[in-house]
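Residue numbers (the numbering used here), protein chains in the order written: chain V, 586 to 998; chain D, 62 to 510. What follows is a short report on a single structure.
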Amino acid sequence: MKIRIRKYWREFLIFLSIMGPGMITANVDNDAGGITTYSVAGAHFGYSLIWSFIPIIIALVIIQEMCSRMAVVTGKGLADLIREEFGVKVTFYAMTVLVFSNLFNTISEFAGIAASAELFGISKYIMVPGCALFVWWLIVKGTYKSVEKVFLVACLFYVSYIVSGFLSKPNWQEVAHSSVNPVLRFDKAYLLMLMGVIGTTIAPWMQFYQQASVVEKEIKLKNYKYSKMDVIVGAFVVNIIAIFIVIVCAATLFKNGIRVETAKDAALALKPLAGDYCFYLFAFGLLNASIFSACILPLSTAYSVCEGMGWEVGVNRRFREAPQFYALYTAMIVIGAALILLPNVKLVPIMLISQATNGILLPFVLVFMLLLVNNKRLMGKYTNSLIYNIFAVLTIVVMILLSIALLLTQFIH
Amino acid sequence: MNNLAKPGPLQDNAKHMFVYFSELMDRPVFDKNGQLIGELYDIAVKPTEVYPQSALLVVRKGFINRKYGVINWLDIQEMKEKVVRLKIDKAKITFREKHNNKEELTLRRDILDQQVVDTFNHKVIRVNDIHLLEVDHSLMIAHVDISMRGLIRRLGFEKAVDFLMKIFFRNADYLKTEHLISWKHIQPLSINPVSMTIKVNFPSKQLNSIPAADLGEIFLDLSMQHQLILFKSLDLNTRARIFMNIDFKAQESLVEELEQGEVVEILMHLPTDEATDFLEKLPRDITERFLGLMESKQSKKLSQLLGYSSDSAGGLMTTEYLAFTKDTTVGSVLSQIKERVFKVEPAQFVYIVDEEHHLVGSTNFRRLILANPADPIQSAAFPKTYSVHLDSSVKEIAYLMEKYKYYVIPVIDEKNVLHGIVTVDDVLSQVISIAWRRLKKIKVQQPKI
Chain V
586 MKIRIRKYWR EFLIFLSIMG PGMITANVDN DAGGITTYSV AGAHFGYSLI
636 WSFIPIIIAL VIIQEMCSRM AVVTGKGLAD LIREEFGVKV TFYAMTVLVF
686 SNLFNTISEF AGIAASAELF GISKYIMVPG CALFVWWLIV KGTYKSVEKV
736 FLVACLFYVS YIVSGFLSKP NWQEVAHSSV NPVLRFDKAY LLMLMGVIGT
786 TIAPWMQFYQ QASVVEKEIK LKNYKYSKMD VIVGAFVVNI IAIFIVIVCA
836 ATLFKNGIRV ETAKDAALAL KPLAGDYCFY LFAFGLLNAS IFSACILPLS
886 TAYSVCEGMG WEVGVNRRFR EAPQFYALYT AMIVIGAALI LLPNVKLVPI
936 MLISQATNGI LLPFVLVFML LLVNNKRLMG KYTNSLIYNI FAVLTIVVMI
986 LLSIALLLTQ FIH
Chain D
62 MNNLAKPGPL QDNAKHMFVY FSELMDRPVF DKNGQLIGEL YDIAVKPTEV
112 YPQSALLVVR KGFINRKYGV INWLDIQEMK EKVVRLKIDK AKITFREKHN
162 NKEELTLRRD ILDQQVVDTF NHKVIRVNDI HLLEVDHSLM IAHVDISMRG
212 LIRRLGFEKA VDFLMKIFFR NADYLKTEHL ISWKHIQPLS INPVSMTIKV
262 NFPSKQLNSI PAADLGEIFL DLSMQHQLIL FKSLDLNTRA RIFMNIDFKA
312 QESLVEELEQ GEVVEILMHL PTDEATDFLE KLPRDITERF LGLMESKQSK
362 KLSQLLGYSS DSAGGLMTTE YLAFTKDTTV GSVLSQIKER VFKVEPAQFV
412 YIVDEEHHLV GSTNFRRLIL ANPADPIQSA AFPKTYSVHL DSSVKEIAYL
462 MEKYKYYVIP VIDEKNVLHG IVTVDDVLSQ VISIAWRRLK KIKVQQPKI
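Structure follows, in structure tokens:
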């Protein structure tokens with residue numbers, strides 16, 4: 586008995602040492618844009634959208650697990666593999682679109698930082714440059730290990746949403762009921778919201794980032810099962826937090842019929858309904874998520890582009906050893922932060938461009954991934970099984986259709 | 062150092078012509094009757110010579126239902142005006158779903174866009190283009206291109222970018238220098254799917270000439286799969302050299318992938334201090350398993366060394382040193398030094414012992430060469446030899462070495478019996494790690510490659 590406990594304890598410790606890439610990638614999914622979407626979903630539709638998080642978890646696990654597996658088996662990043670198997674042209678254009686998509690995403694993260702600064706009554710002209718400097722310093726001066734630790738702490742701060750969920754005193758019975766009883770309402774607003782919630786779950790940068798960070802962490806094949814656990818746990822954690830965001834807004838705003846358009850509105854509306862603590866926790870969650878994502882998105886871009894173009898890559902290298910890597914990272918942060926500080930900058934078109942580029946790139950990335958993961962020469966006996974392939978193809982088709990549909994509706998609006 | 066290739070003997074003759082592989086790729090291929098067969102997809106070369114020569118042409122046809130045909134290089138009539146003409150008839154070519162010529166190196170699958178080792182600049186690089194030389198109707202790999210310009214050429218923007226650069230930056234490096242690296246410095250890393258090995262470039266033996274520390278660093282730049290396969294393709298000496306120069310984490314993951322017998326072989330080839338360094342970090346049961354598999358003499362030596370604390374003289378020392386009894390003549394010492402094979406270059410010190418292996422004195426190569434060959438070795442000894450005890454601390458050793466300007470110091474026990482030597486590099490690495498712990502921020506000056 587004692588031996589068995591010790592064995593589990595040992596396995597748990599190994600898992601802790603492997604954990605990271607999956608957890609971090611999943612959590613960045615709850616970025617400024619994600620929090621806005623979930624807040625609006627909760628405020629407008631109450632608990633009725635909670636069921637959709639269950640298929641989201643499955644989709645996230647299926648897609649991210651393939652990246653993780655490719656990283657462990659081949660020891661190469663996704664951009665590396667695309668370059669080696671599909672040639673330089675494809676890689677170049679994919680990277681160009683990825684840079685744009687991530688740049689606009691980064692801008693919206695800095696917008697999130699500015700919004701939460703205002704919630705705390707701090708001038709955005711202090712907060713935005715300060716945070717930009719912090720995230721830049723973190724990567725340029727850090728090593729992969731130290732950076733990962735900071736990121737994992739940031740993941741921990743998402744607990745603030747769970748606490749604020751409890752503070753808002755929701756009707757738990759109703760929550761439980763609606764999470765297992767899918768309702769499909771056929772009014773336009775509901776369907777649009779549903780597409781928004783699912784469509785924001787899987788973005789192209791996530792696959793590149795996940796694979797690159799598993800490679801950088803040098804996880805061995807024999808420890809792969811822990812890496813898989815990392816992906817699964819990450820997917821659950823991120824969606825539980827998303828559910829809590831929906832719950833907070835449903836229990837307070839929806840019940841009182843308050844309509845909001847942004848996460849900032851939601852936080853402000855929470856103040857009189859759920860109290861100061863709930864408000865501060867909500868605002869802090871937004872700030873944490875925005876800073877965290879403002880760090881990861883430029884990092885993911887730098888990784889992917891340098892991999893694909895064959896330039897030196899890695900947080901563990903110095904500025905002089907990997908100039909393109911750090912130049913790209915710096916440029917993304919500077920542009921992102923500077924644009925937000927411009928007076929009269931409009932956020933809606935930025936979000937639109939980000940979504941459009943994501944929607945264009947996602948189908949290609951997912952199809953490349955499917956081809957690569959089934960390539961025997963690269964993966965040996967670790968290719969997808971038939972059943973896994975059926976699920977993967979299904980997921981990918983749904984994700985592609987959703988992202989295209991989302992794109993079309995945005996432009997029709 | 063720069064990336065510019067030295068003009069090889071091949072470049073001297075002006076009538077030879079260079080062509081980039083990216084310019085040949087996807088050219089239409091016609092048979093002898095002028096009928097379109099498909100497009101040029103890949104070229105296979107014979108990797109036997111320093112500059113491999115083209116042997117086969119791979120033609121691709123169809124778009125959705127892609128098929129590949131392999132054509133002997135001798136059946137090519139000409140490659141001019143952006144088309145390839147063959148001597149043979151279309152019907153003679155058999156097309157298959159796949160082209161798997163495992164023996165040859167093929168340009169598109171194995172080299173273009175792949176990572177290779179540049180043994181001249183000691184780096185892992187990605188190939189943007191391949192520079193080919195036309196000699197008597199066949200092509201030879203002359204250089205690989207790793208430049209930005211190569212990348213732009215592949216994207217099809219070379220003319221446009223060149224034009225813009227000529228207008229705005231007439232003197233840019235971009236236009237003037239060609240970042241070509243001669244093939245003789247390139248070690249491809251493509252894996253043979255059958256034997257799971259990498260064909261090491263034997264004609265040039267470049268990998269063996271790289272300093273061990275650099276080789277270790279190149280090695281760490283590769284993916285685990287490539288690390289393992291490259292490692293297995295190398296000879297035992299090079300393996301041991303690499304093993305000494307990678308960190309413990311990388312050593313550990315290598316050992317996990319290798320057979321036990323292979324690990325033991327490497328351990329036997331390592332200097333004893335490096336072997337103990339590695340073994341003492343492993344879990345006890347694994348260390349014992351390896352020791353059990355080794356030759357008894359070696360394993361006895363190692364387990365003895367493992368008994369000492371790692372920051373004492375006993376833990377740091379190596380048992381490979383030169384020692385002779387005091388009556389040996391200088392001439393016979395010199396001839397024995399010439400005959401012995403060493404795992405590492407020994408420090409140029411020779412120790413003098415009596416019959417019970419008590420340390421009597423020391424001398425160095427210079428003194429031995431200058432001495433009369435007929436005299437006993439004792440006559441060439443230094444007037445005094447300082448030594449440390451088995452349990453002396455790193456600080457004591459460092460202090461003594463600095464004081465007497467030694468770069469090797471002998472280690473003795475309480476009865477004055479010689480057990481081994483500690484070299485300055487082992488002391489330095491310990492002292493540096495102590496210093497690191499104290500002042501966490503030392504700016505390490507990186508030599509620019």
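Ideal Cβ positions, reconstructed from N, Cα and C, are used throughout, including at glycine.
* Among residues of its own chain, excluding the 5 on either side of S83/D, which ones have a beta-carbon nearer than 7 Å to its beta-carbon? -> D190, R214, R215
* Which chain V residues are close to A174/D, counting only those with a beta carbon under 7 Å from its beta carbon? -> One detail in the question is off: residue 174/D reads as Asp in this sequence, not Ala. In chain order: R668, E669, G672, V673.
* To do: Measuring only between beta-carbons, confirm whether T621/V sits less than 8 Å from chain D.
  => no
* If the cut is a Cβ gap below 8 Å, which residues of chain V does N189/D touch? -> V673, G895
* To do: Determine the extent of the beta strand (DSSP E) in which P332/D is found, giving its start and end residues.
  => Per DSSP, P332/D belongs to no beta strand (DSSP E) and is neither H nor E.
* Looking only at DSSP bridge pairs, what is S373/D linked to? -> S454/D
* Going straight from the alpha carbon of V720/V to that of V732/V, what length do you get? -> 10 Å
* **Cα-Cα separation, I590/V to L328/D** => 35 Å
* Asked: So which residues on chain V does L216/D lean against when the C-beta distance must stay under 8 Å?
  -> V673, K674, F677
* What residues in its chain sit with their C-beta under 6 Å from that of V658/V, if we drop five residues either side in the sequence? -> M964, Y967
* Asked: With 8 Å set as the bound, which would you pick, yes or no: does the beta-carbon of Q312/D sit closer than that to a beta-carbon of chain V?
  -> no
* Touch check for the stretch 834-845 of chain V and the stretch 614-631 of chain V: three-plus C-beta pairs under 8 Å? -> yes
* **Of the listed residues E897/V, A922/V, C740/V, nearest to Q176/D (C-alpha basis)** => E897/V
* Count the other C-beta atoms from every protein chain shown that fall within 10 angstroms of the C-beta of A617/V, then say buried if there are 16 or more, exposed otherwise. => buried
* Asked: Any C-beta of chain V sitting closer than 8 Å to the C-beta of V80/D?
  -> no
* **Close-in-space but distant-in-sequence residues of the same chain around A717/V (CB under 6 Å, 5 per side omitted)** => I918, A922
* K802/V - containing alpha helix (DSSP H), residue span -> 789-802
* To do: With a 10 Å radius around its C-beta and 16 neighbouring C-beta atoms as the bar for buried, classify E694/V as buried or exposed.
  => buried
* Asked: Is M655/V closer than 8 Å to Q1004/V when the C-beta atoms are compared?
  -> Nothing about residue 1004/V can be reported from this structure: the residues present for chain V run from 586 to 998 only.
* **Spatial distance of L666/V from H287/D (CA atoms)** => 14 Å
* To do: Output yes if chain D places a C-beta closer than 8 Å to the C-beta of K734/V; else output no.
  => no
* Asked: What span of residues does the beta strand (DSSP E) with F410/D cover, start to end?
  -> 410-414
* Can you have a look at F736/V and say buried or exposed, based on whether 16 or more other CB atoms are within 10 angstroms of its CB? => buried
* From S373/D to L741/V, what distance separates their C-alpha atoms? -> 43 Å
* Using a Cβ-Cβ cut-off of less than 9 Å, give me the residues of the stretch 797-815 of chain V that come near chain D, in sequence order. => V800, E803, K805, L806, K807
* Using a C-beta cutoff of 8 Å, does Q248/D count as contacting chain V? -> no
* To do: Report yes if the CB atom of I832/V is closer than 8 Å to the CB atom of V760/V, and no otherwise.
  => yes
* Asked: Measuring CA to CA, which of D282/D, R169/D, L225/D, Y112/D is closest to S199/D?
  -> Y112/D
* For T659/V, decide whether its Cβ has a neighbour in chain D, counting only Cβ atoms nearer than 8 Å. => yes
* CB contact flag (N306/D, A273/D, <8 Å) -> yes
* Asked: Out of curiosity, what's the CA-to-CA distance linking Y911/V and F79/D?
  -> 36 Å
* **Proximal residues, the stretch 312-345 of chain D versus chain V, C-beta separation under 8 Å** => S314, E317
* Asked: Which residues in the same chain have their Cβ closer than 8 Å to the Cβ of V952/V, if we skip the five residues on either side of it in sequence?
  -> I981
* **Nearest candidate by alpha-carbon position, reference L926/V, set E801/V, W636/V, A700/V, I641/V** => A700/V
* **Local conformation of G895/V per DSSP, three classes** => coil
* Backbone CA spacing between P264/D and I247/D [nearest angstrom] -> Residue placement at P264/D is flagged as unreliable, the pLDDT there being 44, under the threshold of 50; the coordinate-derived value follows with that caveat. In a straight line, the C-alpha of P264/D is about 12 Å away from that of I247/D.
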